[in-house]
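Add 553 to a position in the sequence shown, counting from 1, and you land on the number used in my numbering. For every residue, glycine included, the Cβ atom is placed at its ideal position computed from N, Cα and C. Below: one structure, written as structure tokens.
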Amino acid sequence: MKTDIKHYPVLHREIVEFFRGLRGKYIVDATVGGGGHSYLLLKNYPEKVVIGIDKDEFAIEKAKEILKEFGDRFIPVKSSFKDIDRVLDDLGIEKVSGFLFDLGVSMFQLKTDRGFSFQRNDFLDMRMDTSQELTAYDVVNKYPEYMLEEIIRKYGEERFSKRIARAIVSERKKKPIETTGELENIIFRAYPKRTRYGRIHPATRTFQAIRIEVNRELEELEISLKKAIDRLDRGGKMAVISFHSLEDRITKKIIKEYEKLKKLKNLTKKPIVPTEEEIKENPPSRSAKLRLAERL
Ligand SMILES: C[S@@+](CC[C@H](N)C(=O)[O-])C[C@H]1O[C@@H](n2cnc3c(N)ncnc32)[C@H](O)[C@@H]1O
Numbered sequence: 554m555k556t557d558i559k560h561y562p563v564l565h566r567e568i569v570e571f572f573r574g575l576r577g578k579y580i581v582d583a584t585v586g587g588g589g590h591s592y593l594l595l596k597n598y599p600e601k602v603v604i605g606i607d608k609d610e611f612a613i614e615k616a617k618e619i620l621k622e623f624g625d626r627f628i629p630v631k632s633s634f635k636d637i638d639r640v641l642d643d644l645g646i647e648k649v650s651g652f653l654f655d656l657g658v659s660m661f662q663l664k665t666d667r668g669f670s671f672q673r674n675d676f677l678d679m680r681m682d683t684s685q686e687l688t689a690y691d692v693v694n695k696y697p698e699y700m701l702e703e704i705i706r707k708y709g710e711e712r713f714s715k716r717i718a719r720a721i722v723s724e725r726k727k728k729p730i731e732t733t734g735e736l737e738n739i740i741f742r743a744y745p746k747r748t749r750y751g752r753i754h755p756a757t758r759t760f761q762a763i764r765i766e767v768n769r770e771l772e773e774l775e776i777s778l779k780k781a782i783d784r785l786d787r788g789g790k791m792a793v794i795s796f797h798s799l800e801d802r803i804t805k806k807i808i809k810e811y812e813k814l815k816k817l818k819n820l821t822k823k824p825i826v827p828t829e830e831e832i833k834e835n836p837p838s839r840s841a842k843l844r845l846a847e848r849l
């Protein structure tokens, strides 16, 4: 495998191998992010053109910079992947031979001042697409308590969702909750004392839940997987990397649905997970699950 980058994207070997020998010209990287996977695909498959989509304009700018050596073999598009059909129509492309989804938030987004991480103190924003209106500030300060509780429980799989939602509502009555630091502190104190210093920080799951709500991550995934399957050429391949059990469940359900319709062959009865070696090199890859399918 040809590589010369320092930070490897998640399950990079598996992704490069999976797309080997594909017929056709186009691969869609539906979550181009920092361009890591696209880089490896362009480098290893010189006959391919990669269409790199991201709803985050900063990610698109970064990817353009990193992938500029590939000239017009890389086509950047700022869009949500839920509009994948419109993106391909606008490019005049009917069918493609590959789709890659590497879901969730990027390292780049976590490290900037956009409110994704409680490791920094920033305004509660969390929008991947900065042109949308809804921010984490709105969710935290304006959603009714029962909705906050439901989001934190469902998207965060957080056992203390009730206590956290109650604490948020009680604090915001005093003054709006504006920063990641304030929210982290409220969640920390909402946790029962004996559970505050566990393996993961008490704010982890709630931050994840609010991010999923702000960016409509699960709704958009379901819509776009279906659209992607329709635009895959016969023999075309689709790879989905997820980091959340609900994302993986949606992916599995849709692959099964299309398998019954005889439109897809499921290539992973059980999802592929990173090796011990990869987890050691890149700890955030720990929760990744990869599902693969082929268009019939
Ligand atoms: C885990 S990162 C991808 C990293 C990338 N594979 C790499 O190698 O650098 C996920 C990216 O998907 C983007 N994203 C998430 N949901 C999206 C959606 N609905 N439409 C388009 N991009 C989305 C995020 O903005 C983020 O940049």
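- Secondary structure at Gly-709: coil, using DSSP grouped into helix, strand and coil.
- For Leu-736, the three-state secondary structure derived from DSSP is helix.
- For Pro-562, the Cβ falls inside the 7 Å cut-off from some heavy atom of ligand 1.
- C-alpha of Asp-638 to C-alpha of Phe-611: approximately 23 Å in a straight line.
- Beyond the five residues adjoining it in sequence on each side, Arg-749 comes within less than 8 Å, by CB distance, of Phe-741, Pro-755 in the same chain, given in chain order.
- For Pro-562, the number of other beta carbons within 10 angstroms of its own is at least 16, and it is reported as buried.
- In the three-state DSSP reduction, Glu-830 falls in the helix class (H, G or I).
- Placement of the Cβ of Asn-835 at a distance of 7 Å or more from every heavy atom of ligand 1 is found.
- At a Cβ-Cβ threshold of 8 Å, Lys-648 and Asp-786 count as neighbours.
- Sixteen is the threshold: since fewer than 16 other Cβ atoms of the shown chains lie within 10 Å of the Cβ of Ser-798, the residue is exposed.
- Under the three-state reduction of DSSP output, Arg-784 falls in the helix class.
- Bridge pairing for Arg-844: Val-793 [DSSP].
- The residue among Glu-834, Lys-818, Ala-720 with its C-alpha nearest the C-alpha of Arg-844 is Lys-818.
- By the beta-carbon neighbour count (other beta carbons within 10 angstroms, threshold 16), Asp-801 is buried.
- Within the same chain, Asp-675, Phe-676, Leu-677, Asp-678, Met-679, Ala-689, Thr-733 come within 7 Å of Gly-668 by CB-CB distance, once the 5 residues on both sides are set aside.
- In this chain, the beta strand (DSSP E) harbouring Val-581 covers 579-582.
- In the displayed model, Val-658 falls within coil according to three-state DSSP, outside both helix and strand.
- When the Cα atoms are used, Tyr-708 and Leu-771 turn out to be separated by approximately 9 Å.
- Fewer than three pairs of CB atoms, one per stretch, sit closer than 8 Å, so the segment 712-725 makes no contact with the segment 773-786.
- Between Phe-661 and Pro-697, the alpha-carbon positions lie close to 31 Å from each other.
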